[in-house]
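Enquirer: My structure is below; once you've seen it, I'll send some questions.
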Amino acid sequence: MGRPGFPIPYIRVESVSVTTVLHVSDLHFGRPASSERLNSLRELIAEIGPDAVAISGDLTQRCTKKEFVQAREYLDKIEEVAPYVVIPGNHDIRWLGAVARNMGGLFRQQAHNFKYSRYTRFISENLSPSLEVPGAVIAGVNTAHGIVRGSLTKRFRDLGVIGHVKRADIERVREIFKSASPDAARIVMIHHNPIRGELTGRHGLANTEQALHAFADLGTELILCGHDHLQAIHNVERGVHGLVISTAGTISNRLRPGRASSFNLVAIDERTLRITTYAWQDPGSFAPSEERSYTRRAVSRPA
Ligand SMILES: [Fe+2]
Ligand SMILES: [Fe+2]
89 MGRPGFPIPY IRVESVSVTT VLHVSDLHFG RPASSERLNS LRELIAEIGP DAVAISGDLT
149 QRCTKKEFVQ AREYLDKIEE VAPYVVIPGN HDIRWLGAVA RNMGGLFRQQ AHNFKYSRYT
209 RFISENLSPS LEVPGAVIAG VNTAHGIVRG SLTKRFRDLG VIGHVKRADI ERVREIFKSA
269 SPDAARIVMI HHNPIRGELT GRHGLANTEQ ALHAFADLGT ELILCGHDHL QAIHNVERGV
329 HGLVISTAGT ISNRLRPGRA SSFNLVAIDE RTLRITTYAW QDPGSFAPSE ERSYTRRAVS
389 RPA
């Protein structure tokens with residue numbers, strides 16, 4: 089209370105609520121995995137306490153049972169400190185076996201089940217899960233389909249490596265966004281990078297432009313992806329309001345020459361979308377290395 093004769097000061101405290109999504113990719117359990125970095129990442133997640141952890145695929149290297157068991161244990165530990173959402177990457181599916189089975193005359197559905205059998209057994213039955221937390225909704229879209237018509241490419245070394253976004257998944261994202269809170273930032277998570285990698289010069293999707301326009305038109309503000317093993321943050325003009333694209337690097341040893349392991353931390357408030365890349369630095373910890381901020385545009389939600 090103010091002293092007699094003095095007006096009570098009017099203090100207006102504006103509470104800015106920030107939603108944080110820790111975006112990590114390409115853990116590659118198995119030979120390329122780095123237990124030092126994985127442990128450090130887990131400790132940092134507990135320290136930061138993000139609202140959500142988004143894992144954009146390639147949990148394993150060779151899609152083996154042993155690698156999936158390790159990935160499962162790791163996800164269980166993450167879940168103790170933050171909700172997570174995860175999708176498969178091209179390394180998490182048994183596409184070669186599925187092709188063989190398909191050729192052997194089995195039904196398509198059986199080949200499909202075989203292809204994802206390890207992932208669905210150890211990680212999740214849902215290949216395209218979504219997660220809504222206060223301030224953000226993340227729609228996961230499985231883009232890893234192996235050798236199928238939509239992902240075919242003339243580049244032999246990309247066979248089974250590149251992915252595509254199915255039309256049905258775009259419709260599913262539409263429904264997820266429709267039922268999400270109007271205040272939630274619309275985020276799509278895919279495995280394959282839609283923007284060409286700085287060092288590889290390759291992008292991961294067979295139908296990049298079609299997918300980016302479709303997601304932008306659904307009111308998506310941010311796309312999370314991995315696959316390129318090199319972190320990048322882009323802002324591209326697509327659809328009515330453009331898109332920010334967060335490509336997370338890898339936590340594993342499958343690094344691009346001269347580049348370090350990394351992950352991206354996304355912070356969203358009412359006006360700003362900020363992405364900070366944390367890179368692995370000596371003497372052995374993740375530290376902020378690059379930051380980009382974007383003013384959030386007024387997004388008109390499709391009816
Ligand atoms: Fe990968
Ligand atoms: Fe990949």
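Numbering of the sequence shown is given in our numbering, commencing with residue 89 and proceeding in unit increments.
Even glycine gets a Cβ: it sits at the ideal position worked out from N, Cα and C.
If you're wondering where the values come from, they're calculated on a predicted model, not measured in any experiment.
1. Please state whether DSSP places ARG91 in a helix, a strand or coil.
2. Got a list of residues with beta-carbon closer than 5 Å to any non-hydrogen atom of ligand 1, in chain order?
3. When DSSP labels each residue in this structure, what does VAL249 get in the three-state scheme?
4. Grouping DSSP H, G and I as helix and E and B as strand, with all else coil, what is ILE278?
5. Anyone know if the C-beta pair for GLY285 and HIS279 falls short of 9 Å?
6. Cβ of GLY177 within 8 Å of any heavy atom in ligand 2?
7. Which of the three DSSP states, helix, strand or coil, is assigned to HIS291?
8. From THR288 to LEU110, what distance separates their C-alpha atoms?
9. Taking all protein chains shown into account, do 16 or more other C-beta atoms lie within 10 angstroms of the C-beta of ASN341, making it buried, or fewer, making it exposed?
10. Would you say the beta carbon of VAL249 comes nearer than 8 Å to a heavy atom of ligand 2?
11. Alpha carbon to alpha carbon, how far is LYS165 from ILE175? Give it in angstroms, no decimals.
12. Please return the same chain residues whose Cβ sits closer than 8 Å to the Cβ of GLN369, not counting the five positions on each side in sequence.
13. Just to confirm the assignment, what range does the alpha helix (DSSP H) spanning ALA336 have?
Expert: In this structure, then:
1. Here the model assigns ARG91 a pLDDT of 48, short of 50, so the residue's position is not dependable, and the following value carries that caveat. In the structure shown, ARG91 adopts coil according to DSSP, grouped into three states.
2. Counting only beta-carbon distances shorter than 5 Å to the non-hydrogen atoms of ligand 1, the qualifying residues in chain order are ASP114, ASP146.
3. Residue state, collapsed to three classes: coil.
4. Per DSSP, reduced to three states, the secondary structure at ILE278 is coil, with no helix or strand assignment.
5. Remark: C-beta atoms of GLY285 and HIS279 do not approach each other more closely than 9 Å.
6. Within 8 Å of the C-beta of GLY177 there is at least one heavy atom belonging to ligand 2.
7. The answer is coil: DSSP assigns HIS291 none of H, G, I, E or B.
8. Taking the straight line joining both Cα atoms gives about 25 Å.
9. A residue is called buried when at least 16 other Cβ atoms come within 10 angstroms of its Cβ; ASN341 does not meet this threshold and is exposed.
10. Residue side-chain check: VAL249 places its Cβ nearer than 8 Å to a non-hydrogen atom of ligand 2.
11. Taking the straight line from one Cα to the other gives about 17 Å.
12. The residues are ALA348, ALA375, SER377.
13. Segment: none, ALA336 is in no alpha helix (DSSP H) and carries neither H nor E.
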